[in-house]
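*Asks:*
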Amino acid sequence: MLKTLLEEHGQEHLLRFYEELPEEEKREFERQIGAVDWQILDLMRHPEDLSGRGRIAPTPFLTVSEIRRDRERYLEAGREAIRLGKVAAVLLAGGQGTRLGSDAPKGAFDLGVTRPLYIFELLIRNLLDVVRDCGVYVPLLIMTSEKNDIATREFFARHGNFGYPQEYLRFFRQDMAPSVSFEGKLFLEEKGRLALSPNGNGGWYASLLRADILKDFPAVEWFNVFSVDNVLQRIADPVFVGATILSGRNCGAKGVRKAYPGEKVGVLCLEDGLPSVIEYYEMSAENRDLVGADGEPVYSFGVTLNYLFRAEKLKEISGRRIPVHVVRKKIPYLNGAGERVVPERENGYKFETLILDMVRLMESCLPFEIVREREFAPVKNRTGADSVETARELLIYNGVEL
Ligand code: UTP
Numbered sequence: 008m009l010k011t012l013l014e015e016h017g018q019e020h021l022l023r024f025y026e027e028l029p030e031e032e033k034r035e036f037e038r039q040i041g042a043v044d045w046q047i048l049d050l051m052r053h054p055e056d057l058s059g060r061g062r063i064a065p066t067p068f069l070t071v072s073e074i075r076r077d078r079e080r081y082l083e084a085g086r087e088a089i090r091l092g093k094v095a096a097v098l099l100a101g102g103q104g105t106r107l108g109s110d111a112p113k114g115a116f117d118l119g120v121t122r123p124l125y126i127f128e129l130l131i132r133n134l135l136d137v138v139r140d141c142g143v144y145v146p147l148l149i150m151t152s153e154k155n156d157i158a159t160r161e162f163f164a165r166h167g168n169f170g171y172p173q174e175y176l177r178f179f180r181q182d183m184a185p186s187v188s189f190e191g192k193l194f195l196e197e198k199g200r201l202a203l204s205p206n207g208n209g210g211w212y213a214s215l216l217r218a219d220i221l222k223d224f225p226a227v228e229w230f231n232v233f234s235v236d237n238v239l240q241r242i243a244d245p246v247f248v249g250a251t252i253l254s255g256r257n258c259g260a261k262g263v264r265k266a267y268p269g270e271k272v273g274v275l276c277l278e279d280g281l282p283s284v285i286e287y288y289e290m291s292a293e294n295r296d297l298v299g300a301d302g303e304p305v306y307s308f309g310v311t312l313n314y315l316f317r318a319e320k321l322k323e324i325s326g327r328r329i330p331v332h333v334v335r336k337k338i339p340y341l342n343g344a345g346e347r348v349v350p351e352r353e354n355g356y357k358f359e360t361l362i363l364d365m366v367r368l369m370e371s372c373l374p375f376e377i378v379r380e381r382e383f384a385p386v387k388n389r390t391g392a393d394s395v396e397t398a399r400e401l402l403i404y405n406g407v408e409l
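So this is what it looks like as structure tokens:
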């Protein structure tokens, strides 16, 4: 059976060491192979499916001053939804944080100076502000990957979940995607193990459904999905929740005005009339540098990976495939002699889906501007832009003791 399946897909080489494996490892290996998404490999043969964007136009957004003007109205609507259990927070913590150069879960990174102050701790504190304000706990669903699931759960347990009650906390694992050589052959990581990597943050909803934890929170109508690395972000922010609900749209995106035209953030635009996030490397130089009569960049709304998604619409689109991005990477593998090779150059592809591609599928989106120095302090690198250093400065600026 296994042999026939692999032959069908031209992957018989994976069985090279199969007979050497103890029975238990054979079963585990079979399980891994059974879970491979073979359709993904077709992408390599038809890469043109991914390229080509529609007609791009700038999108208006709800500005900070407009939000201030209507704040009370938004706040009231948002609080009401939160109190009724309609909002869940989804923390995307399945990434590998390679730029930070640590194997530990990114949220376990310590930003403290005179005492420990972990990224996870800061995020939980931000959410607890809302809990206090609304008088109810917000379900917090944390996505991990196979690579960091145990370490993340243990970290939370060791720190008493930073005061968040277990009853409102769930972990779920994202799916893994195979890595392949440029010839389309899957790599082995060990004799009985495929080389797999987290399938990108666009798989969060499918993985959440598979984990079957939503039955514990039946009132949820909105998911506030956010990244692990912005330590200043407001989570389940009632003003954002209220503004999105009252707008009648299917999603909301928190964003900042680009600091300068070339800033490396995805930009929310209209693509053939639908909201769509264009990554900075996909934007033409002409559009990137376009300046309006007011002297501001025309394509200026940079997303911060803090979205609100309507559950009903997510359900509706869950059967649709979201675009798969193919990324060239250095992938360690086991060669024909059973030796582990760590390549010096890119030797294959990884596949991932991105949450920003979901915005287009939602069909309507409220771009909601935030005050950058109050809500945007991403920790991507150790030093330089969007780093541990800049995040520490911004935390201090916002009155957090390090
Ligand atoms: P990034 O795009 O910054 O990727 O993730 P990363 O893997 O964390 O970091 P680098 O690029 O290797 O340094 C943005 C958010 O999406 C989550 C991350 O944990 C982060 O919150 N993410 C990313 C996942 O949950 N799963 C993934 O497969 C990828």
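According to the working numbering, the sequence shown is numbered sequentially starting from 8. Quick reminder that beta carbons are idealized off the backbone N, C-alpha and C, glycines included.
(1) Beta-carbon separation of Val310 and Leu363 under 9 Å?
(2) Under the DSSP definition of a beta bridge, which residues are partnered with Lys336?
(3) Given a cut-off of 9 Å, decide if Pro185 and Phe24 are closer than it, judged by their beta-carbon atoms.
(4) Using a threshold of 9 Å, state whether the C-beta atoms of Glu197 and Leu368 are closer than that.
(5) Check Ile403 in the structure and name its three-state DSSP category.
(6) What distance in whole Å lies between the Cβ atoms of Leu147 and Leu176, which are believed to be in contact at a cut-off of 8 Å?
(7) From which residue to which residue does the beta strand (DSSP E) around Tyr314 run?
(8) Check the C-beta distance from Tyr171 over to Val232 and give it rounded, since I have them as a contact under 8 Å.
(9) Buried or exposed: which applies to Met8, given that a residue is buried once 16 or more other Cβ atoms fall within 10 Å of its Cβ?
(10) Can you give me the Cβ contacts of Glu143 inside the same chain, cut-off strictly under 8 Å, excluding the 5 residues immediately before and after it?
(11) Alpha carbons only, please: which of Pro339, Glu27 and Thr360 is nearest the one belonging to Ile47?
(12) State yes or no: is the C-beta of Leu275 within less than 9 Å of the C-beta of Thr66?
(13) Enumerate in chain order the residues of its own chain whose CB-to-CB distance from Glu55 is below 7 Å, with the five nearest sequence positions on each side excluded.
(14) Can Gln173 be considered in contact with the ligand UTP, in the sense that its beta carbon sits closer than 8 Å to one or more heavy atoms?
(15) Gly345: buried (16+ other C-beta within 10 angstroms of its C-beta) or exposed?
(16) Any idea what DSSP makes of Thr105, helix, strand or coil?
(17) Pick out the complete alpha helix (DSSP H) segments inside the region 118-143, 4 residues or longer, and give them in chain order.
(18) Rounded to the nearest angstrom, what separates Ser214 and Arg327 at their Cα positions?
(19) Between Gly210 and Phe169, what straight-line distance do the alpha-carbon atoms span, to the nearest angstrom?
(20) Near Lys154, which residues of its chain fall below 6 Å by C-beta distance, leaving aside the five closest residues on each side in sequence?
(21) Could you tell me whether the region 245-257 touches the region 66-78, using the rule of 3 or more Cβ pairs below 8 Å?
(22) According to DSSP, is Pro245 part of a helix, a strand, or is it coil?
(23) Kindly indicate the opening and closing residues of the alpha helix (DSSP H) around Arg75.
(24) Give the single residue among Leu69, Arg256 and Asp156 whose Cα lies nearest to the Cα of Met183.
(25) Measuring alpha carbon to alpha carbon, tell me which of Lys265, Glu87, Arg217 and Glu289 ends up nearest Val145.
(26) Using 8 Å as the threshold, is the region 256-263 in touch with the region 368-378, meaning 3 or more CB pairs across them?
(27) When the Cα atoms are used, what is the spatial distance from Ala111 to Val227?
(28) In the DSSP assignment, what residue or residues form a beta bridge with Ser188?
*Replies:* On the basis of the supplied data:
(1) Position 303 of the sequence shown, counting from 1, holds the residue named residue 310. Position 356 of the sequence shown, counting from 1, holds the residue named residue 363. Yes.
(2) For this step, residue 336 is matched to residue 329 along the sequence shown. The partner list for Lys336 (beta bridge, DSSP) reads Gly355.
(3) The count along the sequence shown starts at 1 and reaches residue 24 at position 17. The count along the sequence shown starts at 1 and reaches residue 185 at position 178. No. Outside cutoff.
(4) As a working mapping, residue 197 is identified with position 190 in the sequence shown. As a working mapping, residue 368 is identified with position 361 in the sequence shown. Result no, Cβ atoms of Glu197 and Leu368 do not sit closer than 9 Å.
(5) Translated into the one-based positions of the sequence shown, residue 403 becomes position 396. Helix.
(6) Position 169 of the sequence shown, counted from the first residue, corresponds to residue 176. Position 140 of the sequence shown, counted from the first residue, corresponds to residue 147. With a Cβ gap of about 5 Å, Leu176 and Leu147 count as contacting.
(7) Start at 1 with the first residue of the sequence shown, and residue 314 comes out as number 307. Unbroken beta strand (DSSP E) run through Tyr314: Phe308 to Arg317.
(8) As a working mapping, residue 171 is identified with position 164 in the sequence shown. As a working mapping, residue 232 is identified with position 225 in the sequence shown. With a Cβ gap of about 17 Å, Tyr171 and Val232 do not count as contacting.
(9) Translated into positions along the sequence shown, residue 8 becomes position 1. It is exposed - the Cβ of Met8 has fewer than 16 other Cβ atoms within 10 Å.
(10) By one-based count along the sequence shown, residue 143 stands at place 136. At residue 143 the sequence reads Val, which differs from the Glu that was named. Here the set comprises Ile89, Arg90 and Gly92.
(11) Here the question's residue 47 lines up with position 40 in the sequence shown. Taking only the C-alpha atoms, the option nearest Ile47 is Thr360.
(12) For the purposes of this step, residue 275 is identified with residue 268 of the sequence shown, where counting begins at 1. For the purposes of this step, residue 66 is identified with residue 59 of the sequence shown, where counting begins at 1. For Leu275 and Thr66, yes; Cβs fall inside 9 Å.
(13) Counting from 1 along the sequence shown, the entry for residue 55 is found at position 48. Any reading at Glu55 must be qualified, since the residue scores a pLDDT of 48, below 50, and its modelled position is unreliable; the value itself is stated next. Result list for Glu55: empty, nothing under 7 Å.
(14) Here residue 173 is taken as the residue at index 166 of the sequence shown, counted from 1. Incorrect: Gln173 has no Cβ contact closer than 8 Å to the ligand UTP.
(15) Residue mapping note: residue 345 aligns to position 338 of the sequence shown, counting from 1. When all chains shown are included, Gly345 counts as exposed.
(16) For the purposes of this step, residue 105 is taken as the residue at position 98 of the sequence shown. Of the three classes helix, strand and coil, the one that applies to Thr105 here is helix, per DSSP.
(17) 126-141
(18) Counting from one through the sequence shown, the residue named residue 214 turns up at place 207. Counting from one through the sequence shown, the residue named residue 327 turns up at place 320. Approximately 14 Å between the Cα atoms of the pair.
(19) Within the sequence shown, numbered from 1, the residue matching residue 210 stands at position 203. Within the sequence shown, numbered from 1, the residue matching residue 169 stands at position 162. Their backbone Cα atoms lie some 27 Å apart in a straight line.
(20) Numbered from its first residue, the sequence shown carries residue 154 at position 147. The answer is none, since no qualifying residue turns up.
(21) yes
(22) The residue given as residue 245 occupies position 238 in the sequence shown. Helix, per DSSP.
(23) By 1-based counting over the sequence shown, the position of residue 75 is 68. Val71 to Arg76 is the extent of the alpha helix (DSSP H) around Arg75.
(24) The residue labelled residue 183 in the question sits at position 176 within the sequence shown. Out of Leu69, Arg256 and Asp156, Asp156 has the C-alpha closest to the C-alpha of Met183.
(25) Within the sequence shown, residue 145 is the residue found at index 138, counting from 1. Ranking the options by Cα distance to Val145, first place goes to Glu87.
(26) yes
(27) Mapped onto the sequence shown, residue 111 falls at position 104. Mapped onto the sequence shown, residue 227 falls at position 220. Cα to Cα, the separation comes out at about 31 Å.
(28) Within the sequence shown, the letter at position 181 stands for residue 188. According to DSSP, Ser188 bridges with Gly355.
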